[in-house]
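As structure tokens, the structure follows; a few thoughts come after it.
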Amino acid sequence: MRVTARRIAAALLATATTLALAGCSGDDDGDGGGDDPQAQLDTAADLLNEASSVRFTVEGEDLPDDGTVVLGAEGVAVPPASFEGDIRIRAGALPATVAVVSVDGQLWAQLPLTNGFAEVDAEELGFGDPGLLIDPDEGVSQLLTSGSEVTAGDQVRIDGEVYDQVESVLPGELVGRILAIADPTAEVQAVWALDSDSGHLRQATLTGPFYEGGDEQSYSVQLDDYDEPAEISAPDS
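Position 111, counted from 1, in the sequence shown is what this note's numbering calls 154; the numbers after and before it change by one each time, with no gaps.
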């Protein structure tokens with residue numbers, strides 16, 4: 044059964060929460076690699092598009108103290124555009140974790156104080172569809188190939204592994220397809236951490252005006268467990 048926006052809004056207000064999707068960095072560890080940085084991003088995009096599944100972990104930094112913010116998210120994405128996991132949000136001082144399932148453009152959430160999943164409209168409620176993270180046309184791979192001012196950065200150590208870094212500038216409109224952003228006309232600074240051996244994208248850090256107020260926030264998106272067995276289907280209503 045489809046749940047109306049009014050009912051969804053009431054549930055969110057009752058628990059001072061809302062749904063949104065938005066976004067770990069390491070220490071510098073020497074000079075950047077010698078490969079062409081755009082070619083590295085293109086390779087990472089191809090590998091992501093070829094993956095049968097990827098685990099995404101999103102963490103936010105420098106987030107506003109007031110209002111409703113997305114603290115992070117974690118889950119598994121399966122092509123062409125499916126996701127199953129949790130979104131962590133905070134409304135004022137009240138945190139909440141919302142389970143979500145996205146399958147080919149349809150999104151369900153288990154709202155606070157409810158049993159089971161209800162269909163929700165991501166655009167109407169102002170958050171990105173997490174299923175688009177792995178979408179080849181609108182997801183992270185599209186961001187990898189759509190940046191300007193692409194430059195090689197210093198290598199970085201993350202969880203004991205050393206990765207190449209590439210920096211680029213992204214249009215906010217593209218980023219806003221997967222991470223809700225207050226100003227889609229703004230530029231978003233991207234730092235990509237790439238496995239120099241396999242070519243896989245391991246982490247993306249995106250910095251821009253994700254919330255109102257003029258300040259910038261950062262979301263890091265970590266990618267792990269490429270090609271692990273995974274199936275995602277619509278939940279029982």
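Think of the CB as a built atom: it goes at the ideal place given N, C-alpha and C, for glycine as much as any other residue.
Here the alpha carbons of S261 and D105 stand approximately 7 Å from one another. In the structure shown, the three-state DSSP call for I132 is strand. Between the alpha carbons of S96 and A136 lies a distance of about 34 Å. The beta carbons of A225 and E255 sit closer together than 7 Å. D268 and R98 have their C-alpha atoms roughly 6 Å apart. Counting of Cβ neighbours within 10 angstroms places D172 among the buried residues, the total reaching 16 or more.
For P214, the enclosing beta strand (DSSP E) has its first and last residue at E204 to P214. One alpha carbon belongs to S189, the other to A195, and they sit about 16 Å apart.
In terms of CA proximity to E102, G118 leads the group G118, E93, D109 and L90.
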